[in-house]
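Engineer:
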Amino acid sequence: MPSFDEVLKEAGEFGRFQKRVFFLLSQTGITFSSLFASVVFLGRAPGSFWCRIPGAAELSERCGWTLEEERNFTVLPLHVGNESVGGECERLDVTWDTSVSCSSPLALYGNRSAGNLPLATCHGDWVYEHPHSSIVSEYDLVCGNAWMLDLSQAILNLGFLTGAFILGYAADRYGRILIYLLSCLGVGICGIIVAFSPNFTVFLIFRFLQGMFGKGTWMTGYVIVTEIVGSDQRIVGIVIQIFFTLGIIILPGIAYLIPTWQGIQLAISLPNFLFLLYYWVVPESPRWLLTRKKGEDALKIMRNIAKHNGKFLSPHYSEEVSNPSFLDLVRTPQMRRNTLILMYAW
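Following my numbering, the numbering of the sequence shown begins with 103 at its first residue and continues without gaps.
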């Protein structure tokens, strides 16, 4: 009974078919790494912002001020010790009325020291020079809420961890390519919802789900690539990491061309829908089919691989190809050692 590797040698260990599949699935590394590093641009500092005093909007409308004039007239620069506070996290605790002058509404407070000014902590009424440039300005992740930006990345990483367990098991149970395609669909849908989240809670929920599905795309794509090549060509598992790096290199260019965080989010999410076209060009892993005792289907794929590689399989091959098992990982001392080393490395 021939082994799978023996059949693969005859079909071609890294021919035209494997090169095509490698190139197609490696594109997943670009979108996955962009998702991983996107917080750098989704959560960039909002630039100029300040806390709006209650009633300032009505006063600004009555006086016909621009946003810059509103800030100049209603936000009093404070000098506390050696630091200058421009009204980002604290505001004057005042109440405007119709008698306030449009030319100098803060004249009453201009000569007071910082310690004698009536101040209040700002709670949610911030004004941004660029209101939709990042999730920081979109969801008010400033001042006392600044820690929530780190939370969003922690939630994404938690999604990666969850996806590794859940979708890793699912790929072993239901098939590599099926979970890959479902994960691509999940990344695309969740990415759109993230871009248009009405509040930060919804953002976090679907950021988690996008991370989970994103891990599924990268993990299953990696496995398919390594399972369809010969044992002497497993270097593809290292080469594919180049595309992960390429995604991080491309991401700043995307952020430079797209000024809003929603646009960046869509740019790194929508390409996953294109990966659904792989359904017609990337087959199931024949190694996985053998583990599920589907030797006839595996042999059919192997004949297709041989055809694309310009080779021919021996006609005496049948579905009775030797089926590897988990015990193969610990059957010999060398395999036990290699298995333990790889488990520790990962």
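From the three backbone atoms N, C-alpha and C, an ideal C-beta is built for every residue, glycine too.
Quick one, which of 108, 382, 277, 225 has its alpha-carbon nearest residue 122's?
Structural biologist: Reading the sequence shown from its first residue, position 20 is the one you call residue 122. Comparing Cα-Cα distances from residue 122 to each of 108, 382, 277, 225, the minimum goes to 382.
Engineer: With a threshold of 8 Å, are at least 3 pairs of Cβ atoms found where one atom belongs to the stretch 133-151 and the other to the stretch 250-261?
Structural biologist: The stretch 133-151, when compared against the stretch 250-261, does touch it at the 8 Å Cβ threshold.
Engineer: Let me check understanding here. Comparing Cα to Cα, which of 415, 369, 340 lies closest to residue 354?
Structural biologist: By 1-based counting over the sequence shown, the position of residue 354 is 252. The shortest C-alpha separation from residue 354 is found at 369.
Engineer: Could you have a look at residue 414 and say whether DSSP puts it in helix, strand or coil?
Structural biologist: The sequence position of residue 414 within the sequence shown is 312, counting from 1. If DSSP states are grouped into helix, strand and coil, residue 414 belongs with coil.
Engineer: Using 8 Å as the threshold, is the C-beta distance between residue 384 and residue 126 below it?
Structural biologist: Translated into positions along the sequence shown, residue 384 becomes position 282. Translated into positions along the sequence shown, residue 126 becomes position 24. Yes.
Engineer: How is residue 282 classed by DSSP in three states: helix, strand or coil?
Structural biologist: Here residue 282 refers to the residue found at position 180 of the sequence shown. Helix, per DSSP.
Engineer: Could you check what DSSP says for residue 430 in three-state terms: helix, strand or coil?
Structural biologist: Taking the first residue of the sequence shown as position 1, residue 430 is located at position 328. It is helical.
Engineer: What's the gap between the Cα of residue 232 and the Cα of residue 317?
Structural biologist: Your numbering for residue 232 matches position 130 in the sequence shown. Your numbering for residue 317 matches position 215 in the sequence shown. Straight-line Cα distance between these residues: approximately 32 Å.
Engineer: Would you list the residues sitting across from residue 444 in a DSSP beta bridge?
Structural biologist: As a position in the sequence shown, residue 444 is number 342, starting the count at 1. Looking at the DSSP assignment, residue 444 forms no beta bridge with any residue, so it has no partner.
Engineer: Unbroken alpha helix (DSSP H) runs of length 4 or more, entirely within the stretch 289-368: which are they?
Structural biologist: Correct list: 302-329, 338-341, 343-359.
Engineer: Alpha carbon to alpha carbon, how far is residue 339 from residue 150?
Structural biologist: The residue you call residue 339 lines up with position 237 of the sequence shown. The residue you call residue 150 lines up with position 48 of the sequence shown. Cα to Cα, the separation comes out at about 45 Å.
Engineer: Can you tell which of 167, 124, 302, 443 has the C-alpha that lies nearest to the C-alpha of residue 336?
Structural biologist: As a position in the sequence shown, residue 336 is number 234, starting the count at 1. Closest by alpha carbon: 124.
Engineer: Would residue 268 and residue 386 qualify as a contact pair, given that the criterion is a beta-carbon distance under 8 Å?
Structural biologist: Locating residue 268 in the sequence shown gives position 166, where the first residue counts as 1. Locating residue 386 in the sequence shown gives position 284, where the first residue counts as 1. No, the pair does not count as a contact, with Cβ atoms beyond the cut-off.
Engineer: Starting from the Cα of residue 221, find the closest Cα among 264, 177, 250 and give me that residue.
Structural biologist: Residue 221 sits at position 119 when you count from the first residue of the sequence shown. Answer by Cα proximity: 177.
Engineer: Between which two residues does the beta strand (DSSP E) containing residue 222 stretch?
Structural biologist: Here residue 222 refers to the residue found at position 120 when the sequence shown is read from its first residue. Segment 221-223, the beta strand (DSSP E) holding residue 222.
Engineer: So is residue 249 buried or exposed if we call it buried at 16+ other beta carbons inside 10 Å?
Structural biologist: In the sequence shown, counting from the first residue as 1, residue 249 sits at position 147. Its Cβ having fewer than 16 others within 10 Å, residue 249 is exposed.
Engineer: If you draw a straight line from the alpha carbon of residue 107 to that of residue 405, how long is it in whole angstroms?
Structural biologist: Here the question's residue 107 lines up with position 5 in the sequence shown. Here the question's residue 405 lines up with position 303 in the sequence shown. Between residue 107 and residue 405, the C-alpha separation is close to 14 Å.
Engineer: Is the stretch 321-331 in contact with the stretch 299-309, if contact means three or more CB pairs nearer than 8 Å?
Structural biologist: With the cut-off at 8 Å, the stretch 321-331 and the stretch 299-309 do not touch.
Engineer: Classify residue 447 as buried or exposed, calling it buried when 16 or more other Cβ atoms lie within 10 Å of its own Cβ.
Structural biologist: Along the sequence shown, one-based indexing puts residue 447 at 345. It is exposed - the Cβ of residue 447 has fewer than 16 other Cβ atoms within 10 Å.
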